[in-house]
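Visitor: Before I ask anything, here is the structure I am working with.
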Amino acid sequence: MSSIEATIDLLERLDKNPNDDNFLEALRFLVNLDYNTTVYLTLTQYILNSNHLNYADLLGFFKTLTQAKIQRHLTLNGLLDVLDKLNLRASLKVSYLAGIMMALDSSRNEEIDDIQDILICEIEDSLLYEVDSLLDNSYIKTLVMILPQIRTNKLKLMDINLLRNFFVKVLIESFKLDNHNDNIHLQSKEIKERPLYTSIPSISRILSRFCTLWSHQNTNNLENLLEGLLQISIQHERLLSSFSFSELDKDRDIHSHFMTLLFTSLIVLQTILTHAVTSYGFKNSDPYLPRKVFEITSHLVVINHLVNQDEDLREWVAVNLLCVDMINAIEDENIAVTASEEILTKLTEEYPNKQQNDVKVIHFLHIAELLVLKCSPAFVLSTVLPICDRYLEDSKHAQAFENAHSVTLTFFGGVKPDDVDQVLVARVMSYAITLLKTLDVLSKEQFTTAYQSVIKKVSTHSTELTQWCLDGLCDAFKNGELQESKLKVAFTIPTLLPYIEYDLLDDFLRLLERLHLNPWIEQDQDDFLALTYKSIKLVKNEKCLIKCLEWWGEYTSRCRSQPLIKARL
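Take any residue in the sequence shown, note its place counting from 1, add 587, and you have its number in my numbering.
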């Protein structure tokens, strides 16, 4: 039987019975044929147009064919010329070329280069002109297999926006929820059964790679990606609103789905941010990017807490800190202030006044602590501190209390002297009252640092207000029921010495004497005096320092424990 007759017989069998055995026979038949023969062209055309093999199958078919030819040391010359003689749509050419490319090892560098030059053109054509192919999950999976193999210098020749927009759509569709269905179990099951769900990690890596191929700093071409991530994060947060946290541990399918969403989002966001700052520098950051990312993470924060309650994910921390660093590095102060205030305003809008949203509040307070000094004092006083006050006054939620304390302290400690006006001082005084109310909750270090900040701000504004704050400390010591709380106050007072104005110094030194002799600190008298001496050494005002040293010499000479004091100091 001639080769033509054999080909006709094989085609008839493939037509009547298109099963794997007959296609395997076709594969064996093609191995020994030259690429440019009529028989090769005819059989190849038939196979590529067959409904039996999908795009991924075709890729595998031509990969196996090429490997067989290489093993038999048959020439590969003319393998690219075949495409000009075949009547094929671009997507089928992609499978054909990709199969050959994936069969070649790195030693065939020139041949791989030639194939990829044609392949990138066919991929673009398929994205531009083939509506049906782009709805075929098999073709999408084929692209997912191919694109990681294409060299970066070739990818740069392509329309990256076209590729990115397509895969953004694929990714978002893979996660998209039904807004009319609140059954988390059914929704998670339906999503995980989608054909492309298992390809999500690969798709996210491809998207991440595309995001590092900007020709210039332009976040506009990322808008559809960021908007897409925002929408799916909002949908998934809504789905969790009626879901008990404890249920998550019982249903590992749901847990794994939310973890997939979280990791996918974080990896893409981290790649975008990292590329932005490494390629264009922190100082040239576009505020749009961190603003949009924070908007996304404000919805992902609940998911992050759910899947990882013990400790924040490394990727989560990296994304938040990169955004903060981008804002803090902006040289134009007006732009930085506007960006910081817009971010915090948006975050305050993202959580309703519900107890179950404490996770979102903690996230807000964490970001606020990092950005608060970039904001105007008026904004902090009107928007940020009222939220802090709410959680400072209700210390039941330990983490929120800690974060609120840190935000308030960071602001008062870092606000510029020129910005200290009556309104701000009034807020400092209010904070002092809150500190005394929560004395039993705060650690000694927290309380001391916070009250130092209070006195530091108030003392430069008014001696009367300073005295009022000191009186509050004395009352807290006198009325405290726990020895631990009394000692917190007692050992805070000497540390305030560097911030006391000269007019109040005599009264303050007498206060130290009374405290030293108080029975409540009898066991700690030497430590108290040692701390007092260390505080004296921190006094910067020369007039005040002289008075303190004179008092120290005179007072210690009267103390019975003078030898012990000297030994300790």
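The C-beta atom is built at its ideal place from N, Cα and C for all residues, glycine as well. For clarity, every value in this text was computed on a predicted model and none was experimentally measured.
Rounded to whole angstroms, how far is the Cβ of S682 from the Cβ of S713, which I believe are closer than 8 Å?
Guide: Contact doesn't hold; Cβ gap of about 10 Å is too wide.
Visitor: In the DSSP assignment, find the unbroken alpha helix (DSSP H) run with T997 in it and report its ends.
Guide: Where T997 is concerned, the enclosing alpha helix (DSSP H) stretches over 985-1001.
Visitor: I think V618 touches R659, with their Cβ atoms under 8 Å apart; what is that distance to the nearest whole Å?
Guide: Contact flag correct, Cβ pair sits at about 7 Å.
Visitor: Please state the DSSP three-state secondary structure of G815.
Guide: Helix.
Visitor: Which residue wins for smallest C-alpha separation from V994, given the options V1012, T970, K1024, V959?
Guide: Taking only the C-alpha atoms, the option nearest V994 is V959.
Visitor: Return the chain-ordered list of same chain residues with a C-beta closer than 6 Å to the C-beta of A643, the five sequence neighbours on each side being excluded.
Guide: The answer, listed in chain order, is S725, K728, T729.
Visitor: On the three-state DSSP scale, how would you describe K1044?
Guide: Correct three-state label for K1044: helix.
Visitor: If we require 4 or more residues per run, which alpha helix (DSSP H) segments fall completely within the stretch 747-798?
Guide: Segments of the alpha helix (DSSP H) lying fully in the stretch 747-798: 747-762, 771-779, 787-797.
Visitor: Is S693 helix, strand or coil when you go by DSSP?
Guide: Here S693 sits in coil by DSSP.
Visitor: Considering only their Cβ atoms, is the gap separating V864 from L794 smaller than 8 Å?
Guide: Not closer than 8 Å, so no.
Visitor: Where do the N-terminal and C-terminal ends of the alpha helix (DSSP H) with S1122 fall, by residue?
Guide: Element bounds for S1122: 1112-1123.
Visitor: Skipping 5 residues on each side, what residues in its chain have a beta carbon closer than 7 Å to that of D746?
Guide: Once the five neighbours on either side are set aside, the close Cβ partners of D746 are E711.
Visitor: Inspect the CB distances between the stretch 783-790 and the stretch 755-766 and report whether three or more fall short of 8 Å.
Guide: Result yes; three or more Cβ-Cβ pairs closer than 8 Å.
Visitor: Taking the alpha-carbon of L1015 as reference, which of L1069, I821, P973 has the nearest alpha-carbon?
Guide: At residue 1015 the sequence reads Val, which differs from the Leu that was named. Nearest C-alpha to V1015: P973.
Visitor: Kindly give me the distance between the Cβ atoms of L1084 and I1123, rounded to whole angstroms, as I take these residues to be in contact under 8 Å.
Guide: So it is a contact: roughly 6 Å between Cβ atoms.
Visitor: Could you tell me whether the Cβ atoms of V880 and L860 are closer together than 8 Å?
Guide: Yes, the pair counts as a contact, with Cβ atoms nearer than the cut-off.
Visitor: Which one of H823, I657, D1093 has the shortest CA to CA distance from D769?
Guide: The shortest Cα separation from D769 among H823, I657, D1093 belongs to H823.
Visitor: I want to know whether the stretch 621-635 touches the stretch 650-666 - three or more CB-CB distances under 8 Å.
Guide: Touching, yes, given that three or more Cβ pairs across the two stretches are closer than 8 Å.
Visitor: Quick one: what does DSSP say K650 is sitting in, helix, strand or coil?
Guide: Helix.
Visitor: Quick check on the DSSP output: the alpha helix (DSSP H) that includes I974 runs from which residue to which?
Guide: Note, I974: alpha helix (DSSP H), 972-980.
Visitor: Among L667, D668, M846, N674, which residue has its Cα nearest to the Cα of I634?
Guide: Measuring from the Cα of I634, the nearest candidate turns out to be N674.
Visitor: Span of the alpha helix (DSSP H) holding L1026?
Guide: Per DSSP, L1026 belongs to no alpha helix (DSSP H) and is neither H nor E.
Visitor: Could you tell me which of E1068, V1041, T1119 sits nearest to W1055, measuring between CA atoms?
Guide: With distances taken between Cα atoms, W1055 lies closest to V1041.
Visitor: Can you check which of these residues, T997, V946, D1062, I778, is closest to A1037 by C-alpha distance?
Guide: The shortest Cα separation from A1037 among T997, V946, D1062, I778 belongs to T997.
Visitor: What residue from I699, A685, E882 has the CA that sits closest to N740's CA?
Guide: Answer by Cα proximity: I699.
Visitor: Report yes if the C-beta distance between T935 and E980 is below 8 Å; otherwise report no.
Guide: No.
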